[in-house]
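*Asks:* Counted from 1, the first sequence has number 167 at position 108 by the working numbering; the numbering is strictly sequential.
Cβ atoms here follow ideal geometry from the backbone N, Cα and C, with glycine treated the same way.
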Amino acid sequence: MQISVLFQAPSRVSNPTLFEQKLSDLHKCTNLNQLKQIQALIYRANLHEDAFVAPKLIASFSLCRQIALAVQVFDQIQEPNVQLYNTLIRAHIQNSQPSQALAAFFEMRNRGVWPDNFTYPFVLKACSGQDSLRLVQMIHTHVEKYGFGSDIFVPNSLIDSYSKCGSMGIQAARKLFMVMVERDLVSWNSMVGGLVKAGELREARQLFDEMPERDTVSWNTILGGYVKAAEMDSAFELFQKMPERNVVSWSTMVSGYCKVGDMAMARMLFDKMSTKNLVAWTIIISGYAEKGLENDAISLYNKMEEAGLKIDDAPIISILAACAESGLLGLGNRVQSSMERNRYKCSTHVSNALVDMYAKCGRFNRALSVFNGMEKRDLVSWNAIIQGSAMHGHEEETLQLFSRMKQEGFVPDKVTFVGVLCACTHAGFVEEGIHYFQTMERDYGIVPQIEHYGCMIDLFARDGCLTEAFRLVHTMPLEPNAIIWGSQNPSGASSIELDGIQKWKSNSIGSTLENTAEKALAAALPSSLCAAMNFPRKVKKGILWSHSGASALDGIRMTLFSQQRAMVKDSPL
DNA sequence: CTAGGGTTAG
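(1) Output the residue ranges of the alpha helix (DSSP H) runs that lie fully inside the stretch 471-498 and measure 4 residues or longer, sorted by chain position.
(2) For PHE66, I'd like the list of residues in its chain whose CB is within less than 8 Å of its CB, leaving aside the five on either flank, ordered along the chain.
(3) Are at least three pairs of beta-carbons, each pair with one atom in the stretch 349-356 and one in the stretch 364-371, less than 8 Å apart?
(4) Excluding five sequence neighbours on each side, which residues of the same chain lie with their C-beta closer than 8 Å to the C-beta of LEU359?
(5) In terms of residue numbering, what span does the alpha helix (DSSP H) encompassing SER333 cover?
(6) Quick check: the Cα distance between HIS151 and LEU122, rounded to an integer number of angstroms?
(7) Quick one, which of LEU282, GLY523, LYS435, PHE476 has its alpha-carbon nearest ARG501's?
(8) Measure the Cβ-Cβ separation of SER246 and ASN215 and say whether it is below 8 Å.
(9) Compare the Cα-Cα distances from ASN401 to each of ILE378, MET270, ASP371, GLU303 and report the closest residue.
(10) Return the chain-ordered ranges of every beta strand (DSSP E) run that is complete within the stretch 366-405 and spans a minimum of 3 residues.
(11) For PRO271, count neighbouring Cβ atoms within 10 angstroms of its own Cβ and tell me buried if that reaches 16, exposed if not.
(12) For the alpha helix (DSSP H) holding LEU438, just list the boundary residues, first then last.
(13) Closer than 6 Å by C-beta to ARG425: which residues in its own chain qualify, once you throw out the five before and the five after it? Chain order, please.
(14) Just to confirm, is the Cβ distance from LYS473 to ILE505 under 8 Å?
(15) Identify whether HIS201 lies in helix, strand or coil by the three-state DSSP scheme.
(16) Considering only the alpha carbon of each residue, which of GLY468, ALA257, GLU491, THR526 lies closest to THR457?
(17) Would you check if there are 3 or more beta carbon pairs closer than 8 Å linking the stretch 190-197 to the stretch 165-176?
(18) To the nearest angstrom, how far is the alpha carbon of GLN446 from that of ILE357?
(19) Compute the beta-carbon to beta-carbon distance between GLY487 and ASP522, rounded to the nearest angstrom, for a pair I have assumed lies under 8 Å.
(20) Are ALA113 and LEU161 close, meaning C-beta to C-beta below 8 Å?
(21) Take ASP243 and list the residues in its own chain whose beta-carbon comes closer than 6 Å to its own, dropping the five residues that flank it on each side.
(22) Along the chain, where does the alpha helix (DSSP H) that runs through PRO174 open and close?
(23) CA-CA distance, VAL414 and ILE126?
(24) Work out the CA separation of PHE164 and MET237 for me, nearest whole Å.
(25) Suppose the cutoff is 7 Å on Cβ atoms and the five residues either side in sequence are ignored; what does the same chain contact list for VAL409 look like?
(26) Considering only residues of the same chain and omitting the five flanking positions on each side of SER209, which have a CB-CB separation below 7 Å?
(27) Using the three-state DSSP reduction, which class does THR457 fall into: helix, strand or coil?
(28) Just to confirm, does PRO302 get its C-beta within under 7 Å of one of the non-hydrogen atoms of the ligand HEM?
(29) On the three-state DSSP scale, how would you describe GLU538?
(30) If we count the other Cβ atoms within 10 Å of its Cβ and call it buried at 16 or more, is HIS642 buried or exposed?
(31) In the DSSP assignment, find the alpha helix (DSSP H) that holds PRO214 and state where it starts and stops.
(32) Excluding sequence positions up to five away, which residues of its chain have a Cβ less than 7 Å from the Cβ of GLU294?
(33) Which first and last residues belong to the alpha helix (DSSP H) in which ASN154 is found?
(34) Can you tell me which of VAL240, LEU297, ALA232, LEU368 puts its alpha carbon nearest to the alpha carbon of ARG264?
(35) Since GLU349 and GLU399 are thought to touch, with beta carbons under 8 Å apart, how far apart are those beta carbons, to the nearest angstrom?
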């Protein structure tokens, strides 16, 4: 940026030609203050509707994560053209607002502005979430109708987007790939990537072998397939055969060994990496954290800081998530204190991760204070604190938080209801539980999932209403899982399991599972406290727990985490 | 004369 010239000689600003020259790098400006100053000059020079200046201004606001300002610039323009809409759509995607991006696309169509071949790759990127297959199909139809399929970027994007739409999508992607007249490296890579994502590893490998040429992306994609399937021997073989390896190749291998629990191998490869980026560090640290190896994780975290890499949200969030999963309060504290030391500004996402981490590590009060200190909260924040509160046995508080959340205009989702139902189950609020369970579908259109049924069944079972519990098990439109059968009542504690297992055997509901009884009992945590709550995995695995009050929670966790093994309490057998 | 696009690892 050579904007300084502009400020030193403000008189020249009136010269639009020079001004444009100075603005040629505007879209790369990432300094918000500077950007705002330039914006003022642009408006003064009346250039804000200039076809070359406006998109740059939008792009730079988008880069500075100021989507609202980007939209503001856009709204000032009387008759936006295709290019400007493309820029706006891309801005929404960059700021992770895919639905806004789609909205901009539809608005554009309504205002009679025709999309071009640049529009589709952007819009396709915005197609994710529910019903995405239909969206992608719709866009595919557009593309065919208006003949943009001749630009290789468009079908390539379609293949990628279709690949993200599940089993039906991969069918469509295959079909498109087959009929494409011209295929480039990216088409092949996207198709292989799609097959890998769909779990069609053999087919992916076959396609990989058929490729006319391969680049590092191709190799990394198929390597990722083996890693995903935990086939580390094949992955290693491939890794050795690769003509060129980059950070991604190494990181993929490291994450694979972390996944299968071979930390020695993971560490060896990590140490051999010549250039380690943030992703690489995050993978190995999270790997140690997920294994519960807190000291290794912390010492690597320190080394990462010493390496002087500039940290951002994504690694913090994934490390905190690993802490939450394994109950590593020490590492969680370490991450937070380093953020404080570096005056790192916590985004909503990072704060959410902190709330979740503290709650799952048994520090509900700290979770609450992070939550209360947040500038902006989203649905995830509320869900995290509601779950945390329910998990710690603060039933009344959970329900209060729930109504506060609604008062503040948030619409609960299925996760929220898991938390709310759990609180009811734990407190023995049968009437309230039934009420919320009904509300969920009737008022919010949320179809109950296995976790919700789990809460209700547990609610009935704990209240001694075994008939009611069983009725629900048999009438619910879902297959009962081990956790459902593990629901307990406080008095007999074992009646439902034993009965359930007998039923299970006689009905062969669980015929796909071996050692049904053991599995059911091994997972026999009250669903209210575990299944739905994303309890740390270690707790999930082995603990048998009767009707313990929440006060027992910390004690049990401490035992669990210190001994690194499951604790058996009040086992029904 | 000037902008803007796709694939892989967290």
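*Replies:* In terms of the structure at hand:
(1) 473-486
(2) For the purposes of this step, residue 66 is taken as residue 7 along the first sequence, with counting starting at 1. Low per-residue confidence applies at PHE66: pLDDT is 39, beneath 50, and the placement is therefore not dependable enough to give any value.
(3) Segment contact: the stretch 349-356 against the stretch 364-371, fewer than three CB-CB distances shorter than 8 Å; contact not assigned.
(4) As a working note, residue 359 is residue 300 in the first sequence. Excluding sequence neighbours, LEU359 sits near TRP340, ILE343, ILE344, TYR347.
(5) Residue mapping note: residue 333 aligns to position 274 of the first sequence, counting from 1. SER333 -> no alpha helix (DSSP H), and no H or E assigned at all.
(6) Against the first sequence, residue 151 aligns to sequence position 92. Against the first sequence, residue 122 aligns to sequence position 63. Going by the C-alpha atoms only, they are around 11 Å apart.
(7) Against the first sequence, residue 501 aligns to sequence position 442. Closest option to ARG501, Cα to Cα, is PHE476.
(8) Position 187 of the first sequence holds residue 246. Position 156 of the first sequence holds residue 215. Cβ atoms of SER246 and ASN215: closer than 8 Å.
(9) Along the first sequence, read from residue 1 onward, the residue named residue 401 stands at position 342. Checked all of ILE378, MET270, ASP371, GLU303; the closest Cα to ASN401 is ASP371.
(10) As far as the stretch 366-405 is concerned, it has no whole beta strand (DSSP E) run of at least 3 residues.
(11) Position 212 of the first sequence, counted from the first residue, corresponds to residue 271. Answer is exposed; the Cβ neighbour count stays below 16.
(12) Walking along the first sequence from the start, residue 438 turns up at place 379. Here the alpha helix (DSSP H) through LEU438 covers 438-450.
(13) Taking the first sequence and counting its residues from 1, the one referred to as residue 425 is at position 366. If we look at ARG425 and ignore the five residues flanking it on each side, its Cβ neighbours are TYR417.
(14) Residue numbering aside, residue 473 sits at position 414 when the first sequence is read from its first letter. Residue numbering aside, residue 505 sits at position 446 when the first sequence is read from its first letter. Yes, Cβ-Cβ distance for LYS473 and ILE505 is below 8 Å.
(15) Residue mapping note: residue 201 aligns to position 142 of the first sequence, counting from 1. Helix, per DSSP.
(16) Residue 457 sits at position 398 when you count from the first residue of the first sequence. Of the candidates GLY468, ALA257, GLU491, THR526, the one whose C-alpha sits nearest the C-alpha of THR457 is GLU491.
(17) Taking a cut-off of 8 Å on C-beta distances, the stretch 190-197 does not touch the stretch 165-176, as fewer than three cross pairs fall below it.
(18) Position 387 of the first sequence, counting from 1, holds the residue named residue 446. Position 298 of the first sequence, counting from 1, holds the residue named residue 357. Those two C-alpha atoms are separated by around 27 Å.
(19) Here residue 487 corresponds to residue number 428 of the first sequence, with the count starting at 1. Here residue 522 corresponds to residue number 463 of the first sequence, with the count starting at 1. That pair is a contact at about 6 Å.
(20) For the purposes of this step, residue 113 is taken as the residue at position 54 of the first sequence. For the purposes of this step, residue 161 is taken as the residue at position 102 of the first sequence. In this structure, LEU161 does not lie closer than 8 Å to ALA113 by Cβ.
(21) Counting from 1 along the first sequence, the entry for residue 243 is found at position 184. Counting only Cβ-Cβ distances below 6 Å, and skipping sequence neighbours, we find ILE211.
(22) Translated into positions along the first sequence, residue 174 becomes position 115. That residue, PRO174, is in no alpha helix (DSSP H); it is neither H nor E in DSSP.
(23) Locating residue 414 in the first sequence gives position 355, where the first residue counts as 1. Locating residue 126 in the first sequence gives position 67, where the first residue counts as 1. Straight-line Cα distance between these residues: approximately 26 Å.
(24) Stepping through the first sequence from its first residue, residue 237 is reached at position 178. Stepping through the first sequence from its first residue, residue 164 is reached at position 105. Each residue's Cα considered, the two are about 28 Å apart.
(25) By 1-based counting over the first sequence, the position of residue 409 is 350. The residues are ASP372, ILE375, ILE376.
(26) Within the first sequence, numbered from 1, the residue matching residue 209 stands at position 150. There are no such residues.
(27) For this step, residue 457 is matched to residue 398 along the first sequence. Here THR457 sits in helix by DSSP.
(28) The ligand HEM is not part of the structure shown, which contains no ligands of any sort.
(29) Here residue 538 corresponds to residue number 479 of the first sequence, with the count starting at 1. Three-state DSSP puts GLU538 in coil, outside helix and strand.
(30) The shown model of the chain, from 60 to 632, leaves out residue 642, and the question about it has no answer.
(31) Within the first sequence, numbered from 1, the residue matching residue 214 stands at position 155. PRO214 -> alpha helix (DSSP H) spans 212-222.
(32) In the first sequence, the residue the question calls residue 294 occupies position 235. Reading off the sequence, residue 294 comes out as Ala, not Glu. Excluding positions up to five away in sequence, the list reads LEU282, TYR285, VAL286, MET312, GLY315.
(33) As a first step, residue 154 is located in the first sequence; it is residue number 95 there, counting from the start. Per DSSP, ASN154 lies in no alpha helix (DSSP H) and is assigned neither H nor E.
(34) As a working mapping, residue 264 is identified with position 205 in the first sequence. The candidate whose alpha carbon is nearest that of ARG264 is LEU297.
(35) What you label residue 349 is simply residue 290 of the first sequence in a count that begins at 1. What you label residue 399 is simply residue 340 of the first sequence in a count that begins at 1. In this structure, GLU349 and GLU399 do not form a Cβ contact; the two beta carbons are roughly 25 Å apart against a cut-off of 8 Å.
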